[in-house]
Every structure is written in structure tokens, then in C-alpha cells.
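Asks: Take a look at this one; I'll ask things after.
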Amino acid sequence: MKTVRLDLSELSVRELNDYLHHRLASENVREVEILHPNGMHNIAVGLDYPIELHVRGNAGYFTAGMNQQAAVTVYGNVGWSVAENIMSGSVRIKGNASECTAASGHGGLVVIEGDSSSRCGISMKGCDIVVAGSVGHMSGFMAQAGNLLICGDAGAHLGDSLYEAKIYVGGKIHSLGADAREEAMTAADHATVAALLKRAEVDISSKEFKRVASARTLYHWNLEAHQEY
Amino acid sequence: MCGIIGLMAKKKELRQSLGELIIPMFDCMAERGSDSAGLAIFGTALEPPLRRFSLFTDRPAYDWNSLARSLETDLGCRAEITTRDNHAEVVAGIEDDSLREWLKQRGKGVRVLAVGHSIELFKDVGRPDEVARRYGFSALSGTHCVGHTRMATESQVSPAHAHPFTAGEDFCLVHNGSLSNPYSLRRLLEEENLEFETDNDSEAACRFLQWRMRKGDTIEQALGAALDKIDGFYTFLIGTANQMVLIRDPFACKPAVVAETDQYVAISSEFRSLAHLPGVAEANIFEPLPEQIYVWQVAA
Numbered sequence: 034m035k036t037v038r039l040d041l042s043e044l045s046v047r048e049l050n051d052y053l054h055h056r057l058a059s060e061n062v063r064e065v066e067i068l069h070p071n072g073m074h075n076i077a078v079g080l081d082y083p084i085e086l087h088v089r090g091n092a093g094y095f096t097a098g099m100n101q102q103a104a105v106t107v108y109g110n111v112g113w114s115v116a117e118n119i120m121s122g123s124v125r126i127k128g129n130a131s132e133c134t135a136a137s138g139h140g141g142l143v144v145i146e147g148d149s150s151s152r153c154g155i156s157m158k159g160c161d162i163v164v165a166g167s168v169g170h171m172s173g174f175m176a177q178a179g180n181l182l183i184c185g186d187a188g189a190h191l192g193d194s195l196y197e198a199k200i201y202v203g204g205k206i207h208s209l210g211a212d213a214r215e216e217a218m219t220a221a222d223h224a225t226v227a228a229l230l231k232r233a234e235v236d237i238s239s240k241e242f243k244r245v246a247s248a249r250t251l252y253h254w255n256l257e258a259h260q261e262y
Numbered sequence: 244m245c246g247i248i249g250l251m252a253k254k255k256e257l258r259q260s261l262g263e264l265i266i267p268m269f270d271c272m273a274e275r276g277s278d279s280a281g282l283a284i285f286g287t288a289l290e291p292p293l294r295r296f297s298l299f300t301d302r303p304a305y306d307w308n309s310l311a312r313s314l315e316t317d318l319g320c321r322a323e324i325t326t327r328d329n330h331a332e333v334v335a336g337i338e339d340d341s342l343r344e345w346l347k348q349r350g351k352g353v354r355v356l357a358v359g360h361s362i363e364l365f366k367d368v369g370r371p372d373e374v375a376r377r378y379g380f381s382a383l384s385g386t387h388c389v390g391h392t393r394m395a396t397e398s399q400v401s402p403a404h405a406h407p408f409t410a411g412e413d414f415c416l417v418h419n420g421s422l423s424n425p426y427s428l429r430r431l432l433e434e435e436n437l438e439f440e441t442d443n444d445s446e447a448a449c450r451f452l453q454w455r456m457r458k459g460d461t462i463e464q465a466l467g468a469a470l471d472k473i474d475g476f477y478t479f480l481i482g483t484a485n486q487m488v489l490i491r492d493p494f495a496c497k498p499a500v501v502a503e504t505d506q507y508v509a510i511s512s513e514f515r516s517l518a519h520l521p522g523v524a525e526a527n528i529f530e531p532l533p534e535q536i537y538v539w540q541v542a543a
């Protein structure tokens, strides 16, 4: 078992990812540290191995995209589409994330310790997302499965065209999107929120959360709605 | 996809190295747009009636000196000229309209890229890093600058279609995105007797904003009207003699990142092009919100 330190001021992202895809098992690597990410895109995309990976600085678009098994931590901010299509494992961002966090994520856990901007959790398909701060507009758009937990505020049109994903909001909701509605928190919801906060290691236990889910009025075509939703 | 960049020096000491600092920003954003590039840089304002005219021709081995001498003879003014590749800067005490009229007769193939007391503008086709080297961006100094790397999506690749676009004096705009109603904007402005140089959508936005300001709007009011009238995707970055102004469309479809320290305000489509800036690790880095108007003023 060893720890490897890779420096992006010496390696290209392609070389880095090639190493992460092909050499971790044969070299028995358990921990990887990435230095000087400098906002570069596609860092640690396509991981499929149970390692701990630490990115020391700000990273760019698609960081840790399609992650499986690995536990990735970014000690900085990330650009668009962090953990896009995550399948399993975890991705933790110590700073802020830009748009489309965990878009289409199927499984695993994504934690944003700061804020996440617009379209957070767009089309999520089963992953869990915990945002300690606030999210921007159109978050949870067409989210199909999984949980999106927002400790701060949610921007405009939250949960527009929502399917079966659940959204929990600790702060204010600017506005709800089409077919999204606020529902009463059940005992099961309280348990889900508590479990998510524990898994995400986010400590805001005193907060009350609101539950937002689909009203399911868009599931079937309604001729009488005259395109007004 | 296109790249936008902007840099404003908050401290006088930084003004000398503005061009040098912008080069890596520019080179990096070449990856978002590599067919053409441009930069508008604002420096110390000339005393009226003197104006700077940024001129362009793609005629090979153009005799700029002879153009300047004829200008002096015909319009009875002194004209200082500095040339670089396809570009020339003329400093003369004449009105914008007089020069344009005169060019129609005597300067065939020469276009005015920018006019004002502070603005100097370069734009051309080619890889952005190559354009930057050809026009010596690294040696430029000034209070602030606005740049663009273009990947054409809706109108042709030509020097005239490259950004920044200008309208009026000391006013320019760069745009990442695409507009869906540029032709209705054009029709609106053509009724006001405004003329266009290209069929580019960003030019329509630039002329719309400057037209509103000429009618008495502040930049904030003009952008408020733009939110109402301009449909499409945009991050606009605007340069005026003493301001740098940013706005993103209501959906925030196109990216922007701001890094601000006590030394500078730097703006780019992506953080990676700001990563080299001195002190960026301690900078206040944020993503501008949709529909918010951000204005940075040059320090006195």
C-alpha cells in the first residue's frame, strides 16, 4: 500500500488520468495526492478503484466525473459539472462548486461544503448530494431519483419538472419550478436528512428542513392545461 | 463557445504590466475559441480635441504613412500614426464623423475599429496566441482591458466579425454566447438610422447598449433594457473609458469567473486562465450571478 503524489505542473491531465486508470492496482496504491490543479478540466475523471484522492487547489470542469469507488476530496473550488454521472464512491468539495453539480449522478455521495451554483443535481438518477451552503437557480431540474439536501437557500425554479428525487431545503426557497411542491416532512424524511448529514459530516443538526417533491401532474399529458404549467 | 477576459489594475504600478499579465489569460482562453481574437485596452485619456483612432486594413504592405500625410493635408490637422501589422493607431484632433467620411473617399480598404480618447483596439483572424504576438499585446499598458477569443457559431470568420465590437466613443463589448433575436434588434436600431458593419449578433447588442446610453441611459439602465429586449445566451463584458461591466443572461448559460484582490479585478470565462495571476490564491473568487450587473470603476 502506498501514497503517490502527482504534480500537474509536470504531468498533463491526460497522463494523470492514464495513470489513475491503469496503474493503481498493479502498484497497490491506496492514496493519491494531486498538486497544482490550477483550474484544469477533467481531473480524475473515470476513476474505478477504491482509493482516497486529494486534489490540492482549485479544479476545473468535470472534476471526478463518472466516479466509481474512489473517495475524492478537492481542497478548493471546482468548475462546471463536478462528479457528473457519479456511479459510486464519494466526491467532497471543500470550497464552492459551479453549475451542474453531480449532473445525471446514478449513485454515491457528493458533498459541497460551500455553495453550488445553478442546476445543481440536474437530472440526478440516484446519487445523494449534500450542499452545506446554497444552490442557484433550476437546481434539481428533472431529477429522477436520489436525494438533494440543501442546508442553505435554493434559487429560483427549484425542482422544475421533478420526477422521484427528493429535495430537502434548510433555508429559503426563492421559488419552486413547474410541478414541484412543498410537502410535510415525515418521520422517514427526518431519518433520511439525519443520515445524509451524518454521512456528509455536515453539522447543522438544529435546522428544520422542508421537503420538496413532485406533484406528478406532468407525468401524463394534459390536454386541458393549454401549455400552462 | 468563445472566451472572454478582462483585467483592471487597481494600483497604478500594475498598469505598466497589464499586457504582460493578460497574455497567459489569452493563451489559455484560445482553447475556447481559436479562429480570431481581439483586445481593447484603455489608457490615459487624450486631451480633447485629440482622439485615438484604431484603424485596420487587410491590404498587404499598406502605405499607412502616406494615408496619414494625406489626412493632414486634406483635413488640416496633425496626425500621428503608429503601425503594427494590419493595424494603425492615428492620433489627431478631428471628429469621428470627419475621419469616417474622409476614409470613404481616400482610405479605400481601411476600417475604423475604435474611436475615443482612451481606447485602443486590435482584432484579427488567427490563433489568439499568434494574434497577441503579432500585435504586441505583452507590451501594452493601461488601466483596464477587455479581450475575446472567438469560435464563430453564427456568422463568418473575418477580422470585422472578431470581437471586441465598438459603438460610439470609448465603448466596446465582447460576448460569449449567441443571441436569438439579433435581427429584431437591428431592425429597431436601423429605424433610428444606425448603421452596422457586420451581420454579427454581438454587434447588434453592442450598438443597442451604446444607443441607449447616447439617449441618456446609464450603463445600468441600458443593461436593464437589454435584459428585456435581448433574447439568447450571453455573458457580456463591456469596457468604457473608466469602467468594466459584466452581465450574464437570466439562465446563466455561459460561464464567467471573477478574481478580485486589492491589486486587480480579473474576469475570465474559466478560472484556469486566472490561475497564474499573482496573489490569486488569496483573491476573492466568485461566479457572477445571472441578471446581476457588475460594474468596476477605474480608481482615480
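As you go down the protein sequences, you meet chains A and B in turn. For my numbering, add 33 to where a residue sits in the first sequence, where the first one is 1. For my numbering, add 243 to where a residue sits in the second sequence, where the first one is 1. Just so you know, even glycine gets a beta-carbon here, dropped at the ideal spot from N, CA and C.
Determine the contact status of ALA382/B and GLU132/A, defining contact as a CB-CB distance below 8 Å.
Replies: As a working mapping, residue 382/B is identified with position 139 in the second sequence. As a working mapping, residue 132/A is identified with position 99 in the first sequence. No, the Cβ-Cβ distance between ALA382/B and GLU132/A is not below 8 Å.
Asks: Quick one: which residues of the stretch 143-157 of chain A get their C-beta closer than 7 Å to a C-beta of chain B? List them in chain order.
Replies: SER150 and SER151
Asks: Could you name the residues that DSSP lists as bridge partners for PHE414/B?
Replies: As a working note, residue 414/B is residue 171 in the second sequence. Answer is THR483/B.
Asks: Does the pairing of the stretch 370-381 of chain B with the stretch 427-439 of chain B give three or more beta-carbon distances under 8 Å?
Replies: no
Asks: According to DSSP, which residues form a beta bridge with PHE365/B?
Replies: In the second sequence, residue 365/B corresponds to position 122, counting from 1. Answer is LEU282/B, bridged to PHE365/B.
Asks: Got a sec: which bits of the stretch 245-261 of chain B sit with their beta carbon under 9 Å from any beta carbon on chain A, in order along the chain?
Replies: Cβ contacts with chain A come from no residue of the stretch 245-261 of chain B.
Asks: Throw me the rounded Cβ distance for the TRP539/B and MET487/B pair, which I believe falls under 8 Å.
Replies: Indexing the second sequence from 1 puts residue 539/B at position 296. Indexing the second sequence from 1 puts residue 487/B at position 244. The pair is a contact, with the Cβ atoms about 5 Å apart (cut-off 8 Å).
Asks: Counting only C-beta atoms, is GLU503/B closer than 8 Å to chain A at any point?
Replies: Taking the second sequence and counting its residues from 1, the one referred to as residue 503/B is at position 260. So no, GLU503/B is outside the interface.
Asks: Can you list the residues of chain B that MET120/A reaches, using a CB-CB cut of under 8 Å?
Replies: Here residue 120/A corresponds to residue number 87 of the first sequence, with the count starting at 1. None at all; the shortest Cβ gap to chain B is about 26 Å.
Asks: Under 8 Å between the Cβ atoms of TYR507/B and LEU257/B?
Replies: Locating residue 507/B in the second sequence gives position 264, counting from the first residue. Locating residue 257/B in the second sequence gives position 14, counting from the first residue. Taking 8 Å as the Cβ cut-off, TYR507/B and LEU257/B qualify as a contacting pair.
Asks: Chain B beta carbons: is any one of them nearer than 8 Å to that of HIS207/A?
Replies: The sequence position of residue 207/A within the first sequence is 174, counting from 1. Output row for HIS207/A: interface = no.
Asks: Sort out for me which residues DSSP pairs GLN540/B with in a bridge.
Replies: Against the second sequence, residue 540/B aligns to sequence position 297. Answer is GLN486/B, bridged to GLN540/B.
Asks: Answer yes or no: do LEU314/B and ALA335/B have a C-beta to C-beta separation smaller than 8 Å?
Replies: Start at 1 with the first residue of the second sequence, and residue 314/B comes out as number 71. Start at 1 with the first residue of the second sequence, and residue 335/B comes out as number 92. The beta carbons of LEU314/B and ALA335/B sit closer together than 8 Å.
Asks: When we look at the beta-carbon of THR225/A and count the other beta-carbons within 10 Å, is it buried (16 or more) or exposed?
Replies: Taking the first residue of the first sequence as 1, we reach residue 225/A at position 192. By the 10 Å Cβ count, THR225/A comes out buried.
Asks: For GLU132/A, decide whether its Cβ has a neighbour in chain B, counting only Cβ atoms nearer than 8 Å.
Replies: In the first sequence, the residue the question calls residue 132/A occupies position 99. GLU132/A counts as touching chain B.
Asks: Assuming SER361/B contacts HIS406/B (C-beta within less than 8 Å), just tell me the rounded distance between them.
Replies: The residue labelled residue 361/B in the question sits at position 118 within the second sequence. The residue labelled residue 406/B in the question sits at position 163 within the second sequence. The pair is not a contact, with the Cβ atoms about 18 Å apart (cut-off 8 Å).
Asks: Hey, SER516/B and CYS271/B are a contact pair by Cβ (cut 8 Å); roughly how many whole angstroms apart?
Replies: In the second sequence, the residue the question calls residue 516/B occupies position 273. In the second sequence, the residue the question calls residue 271/B occupies position 28. Under the criterion of beta carbons closer than 8 Å, SER516/B and CYS271/B qualify as touching, at roughly 4 Å.
Asks: SER282/A by DSSP, collapsed to three states: which one?
Replies: Residue numbering for chain A in the displayed model covers 34 to 262; residue 282/A lies beyond these limits and cannot be assessed.
Asks: Please name the residues in the stretch 512-530 of chain B whose beta-carbon is closer than 7 Å to at least one beta-carbon of chain A, in chain order.
Replies: GLU513, PHE514, ARG515, ALA518, ILE528 and GLU530
Asks: Kindly provide the ranges of any alpha helix (DSSP H) runs that are 4 or more residues long and lie completely inside the stretch 315-393 of chain B, ordered along the chain.
Replies: 339-349 and 371-377
Asks: What's the gap between the Cα of VAL353/B and the Cα of ALA502/B?
Replies: Mapped onto the second sequence, residue 353/B falls at position 110. Mapped onto the second sequence, residue 502/B falls at position 259. Straight-line Cα distance between these residues: approximately 38 Å.
Asks: With H, G and I counted as helix, E and B as strand and the rest as coil, what does DSSP make of LEU181/A?
Replies: As a position in the first sequence, residue 181/A is number 148, starting the count at 1. Note: LEU181/A maps to strand in three-state DSSP.
Asks: Rounded to whole angstroms, how far is the Cβ of ASP301/B from the Cβ of ASN329/B, which I believe are closer than 8 Å?
Replies: As a working note, residue 301/B is residue 58 in the second sequence. As a working note, residue 329/B is residue 86 in the second sequence. Beta-carbon to beta-carbon, ASP301/B and ASN329/B are separated by about 6 Å, close enough to satisfy the 8 Å threshold.
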